[in-house]
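Anchor point for the sequence shown: position 126 equals 1195 in this note's numbering, and the numbering is continuous, going up by one each time.
What follows is a single structure, written as structure tokens, with notes after it.
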Amino acid sequence: MTKQTNTYDRFLKDFETLINIDSASENLEGVAKVAEFLKEKLDNLGLKTEITREGKNGVPCLRACTGSKNGRYDFMFIGHMDTVFPTGEAAKRPFSIANGRAMGPGTNDMKGGLLVATYAIEKLKEEGALENLAICVTFNGDEETGSKNSRPWIEKNAANCDRVFVFEPCRPNYRHVMHRKGGGVVRITAHGISAHSGANPERGANALVELASHIPVIHKLNDLDTAITAQCTVIRSGEKHNIIPDRAELVVDVRVGTMDEIRIVDEFFKKLPETNYIPDTSITISGGVDRPPMEFSDKTMELWEVLHTEAAALGIESSWISTGGCSDGNWTAAMGIPTIDGLGPVGENSHREDEYMELDSIIPMITIIANTCRKAVA
Ligand SMILES: [Zn+2]
């Protein structure tokens, strides 16, 4: 048996264990079990590990670090231990393998990535390269619900790191992620005056009509020559057909490609209440873009070149994409730290039952990560 087969077999065994632990973001006990399992593996590699409970929900978060270089780390490895699937899902469709693919809740998003990060550190240790590298691993437990509890913890750790690798899934054909849109939710509330819609409509001021009149204007945000998208997705108003509604609420999903576009969006919604369509009504705005875009710099591109070259050495032609979805890489890139995402194994269909991960990408990805770490710091 070659060493490589050995690593692969152990990876699959660990993978099966992790997938068969339910760890929905709300299932703190399940997330803690995943954290305990990975803590032991990282303990065994000689890293200094701790599991803390972060935020007001007490979300389990695992930090595992090598020795630092005067308090700083060459790399931060980011991953999340929670999944979107409810408790009971793992029993319903446990870890399985067919046609070169691993399936089960969280195979692609992103328990495979947690293991690639862990096994890349193991590889560096076996090669004697870990002594020259300072790596800080942070695995949080609430990414799928927006990292509300763990964000300060991630940012605190990132402040001491020179580069960030995020182990969300790699897209088919080895496409990593260099850019992600930022986004947030804008809530618009219209206020009016209720009245009997048949007997005395002249006494009313229809909040729903006021709110609806703003929708075509908001929708035009999509037509600007930018990456901005603004989708009106949920609307609520009225209870009875014979009462003019005095209140209406609209939810707008907003995404931006750059920091400048956040300013355009903020300005747009700040001005929106200045236009009024129905006398005696008004609108108020809350929310906004709260997740910055993940943008890349020249330094990020330099790191990408190393990653790309290491993939090419294995005969893999890698590339990168921009995506609308957010990850914890958005926070670290906004801090100005070179951040590359999509460094887990290759797979597809996250958040769906047909989610899968390609088994033949496991060993190449571990190798690419380990080699990139060595070369980038050498
Ligand atoms: Zn994910």
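We put the CB at the ideal spot given by N, CA and C, even for glycine.
Give me the Cβ distance between residue i and residue j, rounded to the nearest whole Å; I'm assuming they're in contact under 8 Å.
i, j, result
"Gly1398", "Val1233", "6 Å"
"Asp1112", "Ile1204", "At roughly 15 Å, the Cβ-Cβ gap does not stay under 8 Å, so Asp1112 and Ile1204 are not in contact."
"Thr1302", "Glu1330", "Actually they are not in contact, since the Cβ atoms of Thr1302 and Glu1330 sit about 19 Å apart, beyond 8 Å."
"Pro1163", "Glu1417", "Not confirmed; about 20 Å, so no contact."
"Glu1213", "Thr1152", "7 Å"
"Arg1244", "Ile1409", "Contact flag wrong, Cβ pair sits at about 12 Å."
"Glu1379", "Ile1437", "5 Å"
Is it true that the CB of residue j sits closer than 7 Å to the CB of residue i?
i, j, result
"Tyr1346", "Ser1266", "no"
"Ser1219", "Glu1123", "yes"
"Phe1208", "Gly1148", "yes"
"Val1185", "Ala1133", "no"
"Leu1131", "Cys1442", "no"
"Ala1227", "Met1145", "yes"
"Ala1447", "Leu1372", "no"
"Gly1413", "Phe1236", "yes"
"Glu1422", "Thr1176", "no"
"His1248", "Met1363", "yes"
"Ile1315", "Ala1276", "First, the residue type needs correcting, since residue 1315 is Asp and not Ile in the sequence shown. Yes, they are a contact pair."
"Lys1192", "Ala1439", "yes"
"Leu1116", "Lys1194", "no"
"Leu1487", "Gly1169", "Given that the chain is displayed from residue 1070 to residue 1447, the structure contains no residue 1487 and the question cannot be resolved."
"Ala1189", "Ile1435", "yes"
"Asn1229", "Gly1127", "no"
"Phe1080", "Ile1431", "yes"
"Val1286", "Gly1411", "no"
Return yes when the C-beta of residue i is under 6 Å from any heavy atom of ligand 1, and no when it is not.
i, result
"Met1179", "yes"
"Glu1237", "yes"
Short of 6 Å in beta carbon distance, which residues of its chain neighbour residue i, apart from the five on each side in sequence? Order them along the chain.
i, result
"Leu1280", "Ala1259, Ala1317 and Leu1319"
"Asp1078", "none"
"Arg1324", "Lys1250, Gly1252, Thr1298 and Gly1393"
"Gln1300", "Asp1322"
"Arg1305", "Glu1318"
"Ile1257", "Leu1319, Ile1352 and Ile1354"
"Leu1383", "Pro1433"
"His1420", "Val1153"
"Thr1187", "Lys1110"
"Gly1181", "Gly1413, Pro1414 and Met1426"
"Ala1198", "Arg1443"
"Asp1231", "Asp1143"
"Trp1222", "Glu1123 and Cys1130"
"Arg1272", "Ala1264"
"Thr1118", "Lys1108, Leu1111, Asp1112 and Ala1133"
Which same chain residues, not among the five before or five after residue i, have their C-beta less than 8 Å away from its C-beta?
i, result
"Asp1349", "Gly1261, Ile1262 and Ala1274"
"Val1358", "Gly1251, Gly1252, Gly1253, Val1323, Val1325, Ile1331, Val1334 and Asp1335"
"Lys1102", "Ile1090 and Ser1092"
"Glu1224", "Trp1400, Thr1401 and Met1404"
"Gly1307", "Leu1277, Pro1314 and Ala1317"
"Ala1159", "Ile1088, Asn1089, Ile1090, Asp1091, Gly1173 and Pro1174"
"Phe1084", "Phe1164, Ala1171, Thr1176, Lys1180, Gly1181 and Leu1184"
"Pro1361", "Gly1251, Met1328, Ile1331, Asn1399, Trp1400, Ala1402 and Ala1403"
"Thr1344", "His1283 and Val1286"
So, at 7 Å on beta carbons, what are the nonlocal neighbours of residue i in its own chain, with the 5 sequence-adjacent residues on each side left out?
i, result
"Met1070", "Residue confidence is low: Met1070 scores 48 on pLDDT, short of 50, so the model does not pin down where it sits. Its coordinate-derived value is still stated next. Closer than 7 Å at the Cβ level, and outside the excluded window around Met1070, lies no residue."
"Ser1165", "Met1172 and Gly1173"
"His1377", "Ser1387"
"Pro1129", "Leu1097, Val1100, Ala1101, Ala1104, Ile1120, Arg1122 and Gly1210"
"Met1179", "Gly1148, His1149, Phe1236, Glu1237, Pro1238 and Gly1413"
"Asn1311", "His1265, Ser1266 and Gly1267"
"Thr1086", "Phe1106"
"Asn1075", "none"
"Leu1290", "Ile1297, Ala1299 and Phe1337"
**OP:** For the stretch 1365 to 1383 and the stretch 1103 to 1122, state whether three or more C-beta atom pairs, one from each stretch, are separated by less than 8 Å.
**Re:** no
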